[in-house]
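Trainee:
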Amino acid sequence: MNPVRTFGAVLCLCIAPLSAKADWLQFRGPQASGQTTGAQTPAEWNVETGSNIRWKAAVPGLGHSAPIVVGDRVFVTTAINESGKADLKVGLYGDIGAAQDNGNQKWVLLCFDRNTGARLWEQVAHEGLPVIKRHTKATHANSTPASDGQLVVAFFGNEGLHCYTVEGKPVWKQSLGRLDSGYFKSPTAQWGFASSPVIEEGRVLVQCDVQTNSFIAAFSLADGKELWRTPRQEVPTWCTPTVAGVSGKRIVLINGYKHTGAYDLSTGKELWKLSGGGDIPVPTPIVAHGLAFFTSAHGPFSPIYAIRPGSNGDLTLPSGVTTNAGIVWSVPRKGNYMQTPIIVGDLLYCCNDAGTLSCYDARSGKLHFQERISPTADGYSASPVASHGRIYFTSEQGKVRVLQAVNSFKVESTNDLGETCMATPAISDGVLYFRTRSQLIAVGAK
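For my numbering, count along the sequence shown from 1 and bump the result up by 10.
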């Protein structure tokens, strides 16, 4: 008897249905799945000639936050250095130092027309000197906004949590204090904040893993009032929560190094936990096939875990052990550093920061293939997205490799965005929305 399938029969992991014309309301879209249904997105385009380019719009400042799509609007955040253009160093390197652009900044939420790319409005959420420096590869606007369709929440870390109507009217703001997400082994190496908010059942969820006093908290979407806050014994991470339904209860899945785990959405009570793995966690948990998938990297381990989300207690694996009552399968050294993985059908795709892609059977952990996506030494920070059997992997140099979502390595096309791209794209109604170094680019058949 297959224990995974038996488990799936008694525990329902509820995943939000993907509508034919779904909005893309948060980082990685519906339940951080990275995909939606609807019209087919194109395999090929050309930014220079305009082939399959709906529109392009200039985005001032510097930011790695992904766009979100809400009705006929596209939202993105940015940080504008008022003293001039901020430098950005991309590629594969190990410098832990911070950037030195510490002059006055504006933290801004921008709204664009989904159909034309026209800028509809902008709101300056905060203005002043940065509390924390950013890494040379990061920005002061790394966190993707989130929406429930009526309100939009932008999180700028130390510069606060800000809520607006989709028309641009300020609703509330919350200061969460000093949030220093630098490298825990070198606390003076400040890197900036990156966890994105998630909206669920009228709550705004934030994961704040920092140098001291890490926590996860829920705020009322209506007025910003804090509903609960749960301390975490955790080093700085850059992970975004995921909400899943388990046997009629909503739980919050959290990635980490010392404290991966699950919490009750209503109360913040811890349900289970897991320690160990990569010591600089970034990827978001994803759910499929009655399982929750976690990965992290850096240091001696880069694990992938397939976990029963309805588990209880401490699931930490002893050395040399790959499964237990809560962990269906795991591998110790094939996980992702920057990218959130993606599951298309029965297949789990994990791509590391150097562009090595591993494809697994999501239920069993069987490895189908491991290949390099790019023939050149490109870095990969943006997470993949998928539509109708195509997966889009975007390199930091702006090259988008389109792969077929099958259990063998098949590259369908390569497309050049024309400049650096660190942000994860959004998809809605057959259109891909890429946020590059200075632009929003809508890619879709005309």
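Beta carbons: idealized from backbone N, C-alpha and C, even for Gly. Since this is a predicted model, take the numbers as computed values, not measurements.
If we count the other Cβ atoms within 10 Å of its Cβ and call it buried at 16 or more, is Thr59 buried or exposed?
Mentor: Looking up residue 59 in the sequence shown gives position 49. Result: exposed.
Trainee: Can you give the beta carbon distance from Asn112 to Lys143, rounded, assuming they're within the 8 Å contact cut?
Mentor: What you label residue 112 is simply residue 102 of the sequence shown in a count that begins at 1. What you label residue 143 is simply residue 133 of the sequence shown in a count that begins at 1. Yes, Asn112 and Lys143 are in contact; Cβ-Cβ is about 6 Å, under 8 Å.
Trainee: Confirm, please, whether the CB-CB distance from Pro246 to Tyr193 is below 9 Å.
Mentor: Here residue 193 refers to the residue found at position 183 when the sequence shown is read from its first residue. Here residue 246 refers to the residue found at position 236 when the sequence shown is read from its first residue. In this structure, Pro246 lies closer than 9 Å to Tyr193 by Cβ.
Trainee: For the beta strand (DSSP E) containing Val292, list its first residue and its last residue.
Mentor: Translated into positions along the sequence shown, residue 292 becomes position 282. Val292 -> no beta strand (DSSP E), and no H or E assigned at all.
Trainee: I'd like the list of long-range same chain contacts for Gln221, defined as Cβ closer than 7 Å, with 5 residues on each side in sequence excluded.
Mentor: If you number the sequence shown from 1, residue 221 lands on position 211. Within the same chain, Gln221 has close Cβ partners Asp190, Gly192, Phe194, Pro197 and Pro246.
Trainee: Taking 8 Å as the threshold, find out whether the stretch 38–51 comes into contact with the stretch 394–402 through three or more Cβ pairs.
Mentor: At 8 Å Cβ cutoff, the stretches touch.
Trainee: Output needed for Tyr273: all residues of its chain with C-beta closer than 8 Å, excluding positions within five of it in sequence on either side, in chain order.
Mentor: Within the sequence shown, residue 273 is the residue found at index 263, counting from 1. Closer than 8 Å at Cβ, skipping near neighbours: Ile226, Thr240, Ile261, Val262, Ile264, Lys279, Glu280 and Leu281.
Trainee: So, Gly389 versus Val100, is the Cβ gap smaller than 9 Å?
Mentor: One-based indexing of the sequence shown puts residue 389 at position 379. One-based indexing of the sequence shown puts residue 100 at position 90. Cβ distance < 9 Å, so Gly389 and Val100 count as in contact.
Trainee: Out of Ala89, Gln243, Pro77 and Ile106, state which residue places its alpha-carbon closest to the alpha-carbon of Cys121.
Mentor: Walking along the sequence shown from the start, residue 121 turns up at place 111. The option with the nearest alpha carbon to Cys121 is Pro77.
Trainee: Could you spell out where the beta strand (DSSP E) holding Pro207 opens and where it closes?
Mentor: Position 197 of the sequence shown holds residue 207. Note, Pro207: premise wrong, no beta strand (DSSP E); not H, not E.
Trainee: Can you tell me which of the three DSSP states Gly167 falls into?
Mentor: If you number the sequence shown from 1, residue 167 lands on position 157. In this structure, Gly167 counts as helix in the three-state DSSP scheme.
Trainee: With 16 as the cutoff for other CB atoms within 10 Å, does Val331 come out buried or exposed?
Mentor: Along the sequence shown, one-based indexing puts residue 331 at 321. Result: exposed.
Trainee: Could you name the residues that DSSP lists as bridge partners for Arg242?
Mentor: One-based indexing of the sequence shown puts residue 242 at position 232. BP columns for Arg242 point to Ser224.
Trainee: Touch check for the stretch 91–106 and the stretch 160–167: three-plus C-beta pairs under 8 Å?
Mentor: Contact between the stretch 91–106 and the stretch 160–167 is absent, because fewer than three Cβ pairs lie under 8 Å.
Trainee: Going by C-alpha distance, which of Lys183, Glu169, Asp158 and Ser185 is nearest Glu210?
Mentor: Here residue 210 is taken as the residue at index 200 of the sequence shown, counted from 1. Selected option, being the one with the closest Cα: Asp158.
Trainee: Output yes or no for whether 9 Å exceeds the beta carbon distance between Gln110 and Ile296.
Mentor: Working through the sequence shown from its first residue, we reach residue 110 at position 100. Working through the sequence shown from its first residue, we reach residue 296 at position 286. No, they are not a contact pair.
Trainee: Specify, as a first and last residue, the run of the beta strand (DSSP E) that Glu381 falls within.
Mentor: Looking up residue 381 in the sequence shown gives position 371. Run containing Glu381: Leu377 to Arg382, per the beta strand (DSSP E) assignment.
Trainee: Output the boundary residues of the beta strand (DSSP E) element that contains Ile264.
Mentor: As a position in the sequence shown, residue 264 is number 254, starting the count at 1. Run containing Ile264: Lys259 to Ile264, per the beta strand (DSSP E) assignment.
Trainee: Counting C-beta neighbours from all protein chains within 10 Å, is the total for Leu325 16 or more, i.e. buried, or is it exposed?
Mentor: Counted from its first residue, the sequence shown places residue 325 at position 315. Classification for Leu325: buried.
Trainee: So the candidates are Arg382, Phe311, Lys259 and Asp123; which of them puts its Cα closest to the Cα of Ser276?
Mentor: Stepping through the sequence shown from its first residue, residue 276 is reached at position 266. The option with the nearest alpha carbon to Ser276 is Lys259.
Trainee: Suppose contacts are defined by Cβ-Cβ distances below 9 Å. Is Ser153 in contact with Ser205 by that definition?
Mentor: Residue numbering aside, residue 153 sits at position 143 when the sequence shown is read from its first letter. Residue numbering aside, residue 205 sits at position 195 when the sequence shown is read from its first letter. Yes; because the gap between Cβ atoms is below 9 Å, this pair is in contact.
Trainee: Among the candidates Val354, Asp123 and Leu450, whose CA atom is the shortest distance from the CA of Val416?
Mentor: For the purposes of this step, residue 416 is taken as residue 406 along the sequence shown, with counting starting at 1. Checking every option, the nearest Cα to that of Val416 belongs to Val354.
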